[in-house]
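Protein chains in written order, with my numbering: chain A, 1 to 144; chain B, 145 to 323. Only one structure is covered here, and it is reproduced in the block below.
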């Protein structure tokens, strides 16, 4: 995939870090402010899409990125399910909130909700980036 | 209230344009207008969680659409052609089912409470338990509902996304295909 012009590259270099940090903020404050794992994960996927569209990439890198996105999506899904099964093992109910709740309105509060947000963010971000790679970046076969 | 109806009319118009226009890039822009109108309606109805998700997903899908269109073609050759017999049959049968569905839906919608006056029987319990020491304790009530009270639904939604990613990556892969 080819890259874009120098203007786009310079602007992307400036804004890309801020977008990434905003995505992390949306994920980590998901239990306090509007947002959460899904929205933050899509923003993180958007950062990778922006970088790929702006700077371009080689076909070999795209293939390894596709594999890595699949691996990370599986890691996120397994993390989410393992939190659910930990509740079953430790407290006896699937998906029970077994961690201490902490003080409301603090960053470390609400038990398993931040962990679930992070797991969903990894899963959604990697999944949407894999879809983007499959649809828009890799050379695919239309003829047959 | 009137703004919502104006947005609804705008969205229906944009959706019809998106299906009927010949240039696919213009169709994608119309689709984006529909999506962002949904986001604005969510903000008007005081649902910022959904509005954020709607905006970011809309941006990403439009980027994917535009990237695909730039790599393939941007002229839809099927629009403006004469319909064949099977297509007319499909349209007529679909319209029949749609009218039947609308009649049933109209009778069902008369039973539910009016717009803006929900029953809130279950939701009141969620709001009451939200920040108490027995509940999940998150300040964002939506996060409490989707990741604690209704976490199993979220697991189902995550499974749906996982399945769709698997389907896309499997169908459009290059390696492992027969030439």
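C-beta: ideal position from N, C-alpha, C; glycine also.
Chain A within 9 Å of residue i, Cβ atoms only
i: residue 173 of chain B; result: no
i: residue 182 of chain B; result: no
i: residue 316 of chain B; result: yes
Cutoff 9 Å: residue i Cβ touching any chain B Cβ
i: residue 101 of chain A; result: yes
i: residue 21 of chain A; result: no
i: residue 15 of chain A; result: no
i: residue 53 of chain A; result: yes
i: residue 123 of chain A; result: yes
i: residue 135 of chain A; result: yes
i: residue 80 of chain A; result: yes
i: residue 85 of chain A; result: no
i: residue 65 of chain A; result: no
i: residue 91 of chain A; result: no
i: residue 49 of chain A; result: yes
i: residue 43 of chain A; result: yes
i: residue 113 of chain A; result: yes
i: residue 105 of chain A; result: yes
i: residue 118 of chain A; result: no
i: residue 94 of chain A; result: yes
Range covered by the alpha helix (DSSP H) that runs through residue i
i: residue 129 of chain B; result: The structure shown does not extend to residue 129 of chain B, since chain B is modelled only from 145 through 323, so no value can be given for it.
i: residue 284 of chain B; result: Taken as a continuous stretch (DSSP letters only), residue 284 of chain B belongs to no alpha helix (DSSP H), as it is neither H nor E.
i: residue 92 of chain A; result: Segment: none, residue 92 of chain A is in no alpha helix (DSSP H) and carries neither H nor E.
i: residue 228 of chain B; result: Where residue 228 of chain B is concerned, there is no enclosing alpha helix (DSSP H), given that its DSSP letter is neither H nor E.
i: residue 294 of chain B; result: Neither: residue 294 of chain B is in no alpha helix (DSSP H) and is coded neither H nor E.
i: residue 221 of chain B; result: That residue, residue 221 of chain B, is in no alpha helix (DSSP H); it is neither H nor E in DSSP.
i: residue 12 of chain A; result: 6-28
i: residue 186 of chain B; result: 168-188
i: residue 316 of chain B; result: Note, residue 316 of chain B: premise wrong, no alpha helix (DSSP H); not H, not E.
i: residue 148 of chain B; result: 146-164
i: residue 112 of chain A; result: First-last for residue 112 of chain A: undefined, no H or E at that position.
i: residue 40 of chain A; result: 37-55
i: residue 202 of chain B; result: 192-215
Nonlocal neighbours in the same chain, by C-beta distance under 7 Å from residue i, ignoring five residues either side
i: residue 108 of chain A; result: 102
i: residue 65 of chain A; result: 133
i: residue 198 of chain B; result: 179, 182, 183 and 186
i: residue 83 of chain A; result: 112, 115, 116 and 119
i: residue 130 of chain A; result: 66, 69, 70 and 73
i: residue 142 of chain A; result: Unreliable placement is indicated for residue 142 of chain A, whose pLDDT of 43 sits below 50; the coordinate value is still reported in the next sentence. If we look at residue 142 of chain A and ignore the five residues flanking it on each side, it has no Cβ neighbours.
i: residue 148 of chain B; result: 185 and 188
i: residue 171 of chain B; result: 162 and 165
i: residue 292 of chain B; result: 280
8 Å CB neighbourhood of residue i in its chain, flanking five on each side removed
i: residue 120 of chain A; result: 36, 37, 38, 41, 76 and 80
i: residue 219 of chain B; result: 166, 167 and 168
i: residue 210 of chain B; result: 169 and 172
i: residue 98 of chain A; result: 86, 87, 90, 91, 111 and 112
Proximal residues to residue i (C-beta, below 6 Å), its chain only, five neighbours per side dropped
i: residue 123 of chain A; result: 73, 76 and 77
i: residue 274 of chain B; result: 285 and 288
Select from the region 27-41 of chain A all residues with a C-beta closer than 7 Å to any C-beta belonging to chain B, and list them in chain order.
30, 31, 32, 33, 34, 35, 36, 38 and 39
Positions along the region 187-212 of chain B whose CB lies within less than 7 Å of some CB in chain A:
192, 193, 196, 197, 200, 201, 203, 204, 207, 208, 211 and 212
Residues of the region 275-291 of chain B with Cβ closer than 9 Å to any Cβ of chain A, in chain order
275, 277, 279, 280, 281, 282, 283, 284, 286, 287, 288, 290 and 291
What residues from the region 296-313 of chain B come within 9 Å of chain A, judged by C-beta to C-beta, listed N to C?
296, 298, 299, 301, 302, 303, 305, 306, 308, 309, 310, 312 and 313
Which residues, in order along the region 241-274 of chain B, keep a beta-carbon less than 8 Å from a beta-carbon of chain A?
none
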